[in-house]
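Enquirer:
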Amino acid sequence: MTGASTKARLPITGYLDRLSARPGERLAVKVSAEEAGDYEASVLRIRCADPNPAGPGLRYEPQDFGLGGRYPARRQAIDRGSYASIPADRAFAAPRLAIAARVQPWLLRKEPSTLFACRDAAGRGWSLSLTETGLDLEHDGGGGTPSRLALPIRMRRRHWYRVWAGFDLDRGQLLVGCQPLDGESPVEARSAATLEALADAGALTLAASLDAEGLSFAHFNGRLEDVALFGALPEPGAAPPEPSDRPGPGLIAWWDFSQGIESQAILDRGAKGLNGRLVNVPTRAVCGSRWSGRAMSWREAPRDYAAIHFHEDDLYDCGWDSDFEILVPEGMRSGVYGLRLSQGGHSDILPFYVLPPKGRPTAKVCFLAPTFTYQAYANHARGNCDAAMRGRIAEWGATPYNPDDFPVYGPSTYNFHPDGTGTAFSSRLRPTLTVRPGFLTFVDARGSGLRHFSADSHLTDWLEGLGIDYDVVTDEDLDEEGAALIEGYEVVLTGTHPEYHTSGTLDALEGYCRQGGNLVYLGGNGFYWRIARSPTLPGTIELRRAEGGIRAWAAEPGESYHALDGQYGGLWRRNGRPPQRLVGIGFSAQGLFEGSYYRRLPDSRRPEAAWIFEGVEEEELGDYGLSGGGAAGFELDRADVELGTPEEALILARSEGHSGSFVMVPEEFLSHLATTSGERHADLIRGEIVYLKHPGGGQVLSVGSITFCGSLSHANYRNGVSRLLENVVRRFGGLD
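Okay, so the sequence shown: first residue is 43 according to our numbering, each after it adds one.
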């Protein structure tokens with residue numbers, strides 16, 4: 043299905059209103075199927091999500107959640123693309139009207155992109171559209187042929203213009219005008235036309251039109267600012283007045299986007315208060331036409347950030363109706379579960395988490411699922427689902443659905459919008475194809491090629507295999523409930539890639555360690571990017587890829603502060619909280635998805651650390667595994683005292699033998715010769731296993747590699763990596 047259209051959809055899929063629930067709580071299930079009939083629904087406990095036949099394989103355990111079994115199928119619509127909507131008002135159907143805005147196109151096409159539209163359910167109304175050759179105004183009263191007026195002008199990408207259009211029924215006149223804001227003269231077109239009055243007014247939409255079913259189309263990709271509505275056309279050769287704090291006569295509405303930047307509301311500063319809302323979370327806190335660089339935060343100069351950037355592929359909440367609810371039975375064991383939907387030989391599994399009862403841990407060990415990271419990567423279309431990938435998927439019976447083929451479900455924060463901008467928001471209120479058991483990320487010559495959700499099941503499978511009882515919570519739960527969520531556990535285990543964090547999750551983990559809690563960081567490139575959330579947008583995270591870091595894209599100048607909370611984005615290292623402060627190590631190097639091994643260091647034989655290696659016979663540790671073929675690979679973390687690693691921390695082992703694909707992370711560069719640490723570039727390509735103690739008594743073991751957990755099941759869990767982790771979990775967890 044390479045090159046599938048944006049309309050291609052899975053045969054059956056869905057999503058849940060929440061990712062986790064406790065016994066006695068409910069999860070709402072939203073399902074859409076392409077075929078009529080019934081579908082089946084059942085619940086599984088997911089022990090291992092790796093389809094590689096060389097490993098444990100997919101391991102599911104059927105569960106009784108009391109579901110009805112069969113449910114009627116239906117197809118639910120997806121309204122993809124962001125726009126603004128203002129409820130219908132008679133002012134939008136007045137006999138004399140002009141609308142104006144500052145416009146910055148970021149994508150110009152032959153096909154029309156709507157700037158403004160106001161039409162009723164029958165399609166009567168007016169709209170102004172932009173193409174690569176000009177502006178087009180249409181007025182349709184419904185009684186005959188619509189009246190149109192075109193203004194030929196070739197607008198340039200990423201340049202600001204003042205654009206206006208309007209009509210006067212009494213004079214029988216249409217108007218379209220445009221003035222570049224770089225000093226060029228305005229141009230306009232006026233025409234005589236027989237215009238029929240509008241019987242009614244529809245909603246006013248900005249940056250898209252709506253069809254008869256209320257779904258958006260003809261999206262504008264770019265920025266709008268200072269949209270204003272007037273009760274009369276300007277004089278020939280003149281533009282409508284600029285809206286201001288002292289609006290002149292004739293101003294009906296002025297949507298000043300510098301107000302409410304942290305929200306999804308657009309506020310009208312005119313007398314009528316024609317407030318509206320944003321749909322599918324376009325990007326706010328972006329530089330407007332007045333931005334000069336004197337302020338870098340939108341809170342300091344809101345009018346410099348009075349623009350909104352709309353994209354045709356933004357998607358917040360699919361908005362599907364619920365088909366049924368899952369009630370988590372009392373006494374249900376905490377863990378990773380999945381709702382399996384099946385119809386006509388097709389199936390999809392929607393993962394969710396069962397937490398222990400609130401305030402009552404059921405085990406000493408807790409797995410902290412990094413769902414914020416899953417969400418940041420959700421639907422990451424990598425462009426690598428080629429014949430080799432499809433062949434392996436078929437051979438292993440892996441999940442066959444790849445985001446390369448299904449853009450309709452929205453992009454990840456690792457993808458670009460069609461206009462070239464990076465994706466700053468990600469929602470879990472949509473099908474997320476990458477968060478599925480059996481999802482393959484890479485064709486791994488020496489392993490499975492798993493990342494994120496599926497890769498983290500290497501850990502849950504290991505816990506089950508060794509008979510270690512554990513509870514599961516998510517970082518979203520941790521952000522909302524704080525350290526109280528985990529304070530009853532002896533040890534908390536991270537996943538393989540806990541990359542994205544809020545200040546709330548970091549505060550909770552630091553507080554847990556200060557109070558004597560033990561933490562095992564089982565990944566690489568963790569605690570790296572700062573994200574923002576808002577209670578007004580549940581299920582959404584915001585990311586600004588500010589200065590530094592290995593980045594899929596870079597924030598535009600002046601746009602490094604989140605819209606949702608006003609805080610500076612980017613690396614936690616740039617926000618004064620490098621990961622070395624919490625777990626002793628931080629991101630150092632990255633290469634291809636391949637693994638090597640660690641070599642034990644003298645610190646591993648010191649009396650205070652020797653217990654960690656009890657029964658470990660390997661000097662070269664982990665030269666095997668299901669993730670790249672080795673325990674030390676892909677993304678590597680190292681200790682650095684200057685960044686917060688305690689001086690008394692012990693470096694137990696260090697990776698070596700990495701291929702030439704590995705490079706130092708850019709935040710370590712000062713020049714082509716110098717690094718921030720003073721070490722040689724090549725010496726920073728290493729991962730380190732570190733053991734440390736926090737002042738409050740909490741202990742930390744960090745492994746410094748994304749691929750570490752892929753080695754746990756080697757030789758039926760009888761290997762040095764498995765024994766090392768077992769020693770630590772049993773000692774930290776009081777299981778000896």
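Think of the CB as a built atom: it goes at the ideal place given N, C-alpha and C, for glycine as much as any other residue.
Can you list, in chain order, the residues of its chain whose CB lies under 7 Å from that of Thr516, leaving out five sequence neighbours each side?
Expert: The residue labelled residue 516 in the question sits at position 474 within the sequence shown. Excluding residues within five positions, the ones whose Cβ falls inside 7 Å are Leu61, Ser62, Tyr395, Ala411 and Thr413.
Enquirer: For Leu191, which residues of its own chain have a beta-carbon under 7 Å away from its beta-carbon, when the five flanking residues on both sides are left out?
Expert: Looking up residue 191 in the sequence shown gives position 149. Excluding sequence neighbours, Leu191 sits near Leu179, Leu216, Val218, Ala231 and Ser233.
Enquirer: When you compare each of Arg198, Ala164 and Thr582 to Leu177 by their alpha carbons, which one comes out closest?
Expert: In the sequence shown, residue 177 corresponds to position 135, counting from 1. Leu177 has its Cα closest to that of Arg198, out of Arg198, Ala164 and Thr582.
Enquirer: With a threshold of 16 other CB atoms inside 10 Å of the CB of Thr187, please say whether the residue is buried or exposed.
Expert: Your numbering for residue 187 matches position 145 in the sequence shown. Thr187 is exposed by the Cβ-count criterion.
Enquirer: If I follow the unbroken alpha helix (DSSP H) through Gln622, where does it start and stop?
Expert: Position 580 of the sequence shown holds residue 622. Note, Gln622: alpha helix (DSSP H), Gln622 to Val625.
Enquirer: Could you please give me the residues that DSSP links to Phe711 through a beta bridge?
Expert: The sequence position of residue 711 within the sequence shown is 669, counting from 1. Paired residue(s): Thr717.
Enquirer: Could you pull the start and end residues of the beta strand (DSSP E) that Thr582 belongs to?
Expert: For the purposes of this step, residue 582 is taken as the residue at position 540 of the sequence shown. Start and end: Thr582 to Leu585.
Enquirer: Please determine, among Gly702, Tyr640 and Glu532, the residue with the shortest C-alpha to C-alpha distance to Arg773.
Expert: To locate residue 773, count along the sequence shown from 1; it is residue 731. Of the listed residues, the one whose Cα sits closest to Arg773 is Glu532.
Enquirer: Suppose you measure from the CA of Tyr451 to the CA of Ser169; what does that come to, to the nearest Å?
Expert: To locate residue 451, count along the sequence shown from 1; it is residue 409. To locate residue 169, count along the sequence shown from 1; it is residue 127. Answer to the nearest angstrom: the Cα atoms are 28 Å apart.
Enquirer: Using three-state DSSP, classify Thr415 as helix, strand or coil.
Expert: Within the sequence shown, residue 415 is the residue found at index 373, counting from 1. Shown here, Thr415 sits in a helix according to DSSP, grouped into three states.
Enquirer: Spell out a yes or no on whether the region 345-357 and the region 611-620 are touching, meaning 3 or more CB-CB pairs, one atom from each, closer than 8 Å.
Expert: no
Enquirer: Hey, is the region 400-409 in contact with the region 72-83, meaning 3+ C-beta pairs nearer than 8 Å?
Expert: no
Enquirer: Would you mind stating whether Ser496 and Gly509 have Cβ atoms separated by less than 8 Å?
Expert: By 1-based counting over the sequence shown, the position of residue 496 is 454. By 1-based counting over the sequence shown, the position of residue 509 is 467. Cβ distance not < 8 Å, so Ser496 and Gly509 don't count as in contact.
Enquirer: Could you say which of Phe458, Glu659 and Val321 lies nearest to Glu425 if we only look at CA atoms?
Expert: The residue given as residue 425 occupies position 383 in the sequence shown. As written in the sequence, residue 425 is Gly, which differs from the Glu given in the question. Answer by Cα proximity: Phe458.
Enquirer: Looking at Leu492 and Leu482, is the spacing between their C-beta atoms short of 8 Å?
Expert: Within the sequence shown, residue 482 is the residue found at index 440, counting from 1. Within the sequence shown, residue 492 is the residue found at index 450, counting from 1. Result yes, Cβ atoms of Leu482 and Leu492 sit closer than 8 Å.
Enquirer: How is the beta strand (DSSP E) around Ala171 delimited, first residue to last?
Expert: Residue 171 sits at position 129 when you count from the first residue of the sequence shown. Before going on, a small fix: residue 171 reads as Ser here, not Ala. From DSSP, the beta strand (DSSP E) with Ser171 extends over Gly167 to Thr173.
Enquirer: Determine the extent of the alpha helix (DSSP H) in which Phe774 is found, giving its start and end residues.
Expert: Here residue 774 corresponds to residue number 732 of the sequence shown, with the count starting at 1. Unbroken alpha helix (DSSP H) run through Phe774: Gly762 to Phe774.
Enquirer: Evaluate His494 with the Cβ neighbour count: other Cβ atoms within 10 Å of its Cβ, from every protein chain shown; 16 or more gives buried, anything less gives exposed.
Expert: Looking up residue 494 in the sequence shown gives position 452. With 16 or more other Cβ atoms within 10 Å, it is buried.
Enquirer: In angstroms with no decimal places, state the Cα-to-Cα distance between Gly672 and Glu636.
Expert: In the sequence shown, residue 672 corresponds to position 630, counting from 1. In the sequence shown, residue 636 corresponds to position 594, counting from 1. Cα to Cα, the separation comes out at about 7 Å.
Enquirer: Thinking C-alpha only, which one of Ala594, Tyr419 and Thr441 is nearest Gly464?
Expert: As a first step, residue 464 is located in the sequence shown; it is residue number 422 there, counting from the start. The option with the nearest alpha carbon to Gly464 is Ala594.
Enquirer: Report the option in Glu589, Trp206 and Arg311 whose CA atom is closest to the CA atom of Pro276.
Expert: By one-based count along the sequence shown, residue 276 stands at place 234. Pro276 has its Cα closest to that of Trp206, out of Glu589, Trp206 and Arg311.
Enquirer: Given that a residue counts as buried once 16 or more other Cβ atoms are within 10 Å of its Cβ, and exposed if not, what is Gln417?
Expert: Here residue 417 is taken as the residue at index 375 of the sequence shown, counted from 1. By the 10 Å Cβ count, Gln417 comes out buried.
Enquirer: Candidates Arg478, Cys329 and Val71: which alpha carbon is nearest Tyr347's?
Expert: For the purposes of this step, residue 347 is identified with residue 305 of the sequence shown, where counting begins at 1. Considering only alpha carbons, the answer is Cys329.
Enquirer: Quick check: the region 524-542 against the region 747-755, are there 3 or more CB pairs under 8 Å?
Expert: yes
Enquirer: Taking the alpha carbon of Ala430 as the reference point, which residue from Cys160, Ala487, Arg647 and Thr175 has its own alpha carbon closest?
Expert: Translated into the one-based positions of the sequence shown, residue 430 becomes position 388. Minimum Cα distance to Ala430 is reached at Ala487.
Enquirer: Run the CB neighbour count on Asp428, radius 10 Å, all protein chains shown included, and call it buried at 16 or more, exposed below.
Expert: For the purposes of this step, residue 428 is taken as residue 386 along the sequence shown, with counting starting at 1. Counting Cβ neighbours within 10 Å, Asp428 comes out exposed, since fewer than 16 surround it.
Enquirer: Could you tell me if Glu730 is buried or exposed, where buried requires 16 or more neighbouring beta carbons within 10 angstroms of its beta carbon?
Expert: Taking the sequence shown and counting its residues from 1, the one referred to as residue 730 is at position 688. Label assigned to Glu730: buried.
Enquirer: Gly318 by DSSP, collapsed to three states: which one?
Expert: Here residue 318 refers to the residue found at position 276 of the sequence shown. Strand.
Enquirer: Which of helix, strand or coil does DSSP assign to Glu255?
Expert: Residue mapping note: residue 255 aligns to position 213 of the sequence shown, counting from 1. Of the three classes helix, strand and coil, the one that applies to Glu255 here is coil, per DSSP.
Enquirer: Output needed for Ala50: all residues of its chain with C-beta closer than 7 Å, excluding positions within five of it in sequence on either side, in chain order.
Expert: For the purposes of this step, residue 50 is taken as residue 8 along the sequence shown, with counting starting at 1. Here the set comprises Met43, Asp447, Phe448 and Val450.
Enquirer: Check the C-beta distance from Arg87 over to Gly377 and give it rounded, since I have them as a contact under 8 Å.
Expert: The residue given as residue 87 occupies position 45 in the sequence shown. The residue given as residue 377 occupies position 335 in the sequence shown. Confirmed, Cβ separation roughly 6 Å.
Enquirer: Hey, how far is the Cα of Ile350 from the Cα of Cys90?
Expert: The residue you call residue 350 lines up with position 308 of the sequence shown. The residue you call residue 90 lines up with position 48 of the sequence shown. Distance between the alpha carbons of Ile350 and Cys90 is about 43 Å.
Enquirer: If you compare alpha carbons, which of Arg432, Pro599, Pro398 and Arg288 is closest to Tyr4?
Expert: Only positions 43 to 778 of the chain appear in this structure, which leaves residue 4 out of reach.
Enquirer: So, Leu781 versus Ser701, is the Cβ gap smaller than 8 Å?
Expert: In this structure the chain extends from 43 to 778, so residue 781 is not present and cannot be described.
Enquirer: How should Gln557 be labelled, buried or exposed, when 16 other C-beta atoms within 10 angstroms of its C-beta is the threshold for buried?
Expert: As a working mapping, residue 557 is identified with position 515 in the sequence shown. Exposed is the label assigned to Gln557, since fewer than 16 other Cβ atoms lie within 10 Å of its Cβ.
Enquirer: Classify Leu561: buried if its beta carbon has 16 or more other beta carbons within 10 angstroms, exposed otherwise.
Expert: One-based indexing of the sequence shown puts residue 561 at position 519. Looking at its Cβ environment, which holds 16 or more other Cβ atoms inside 10 Å, Leu561 is buried.
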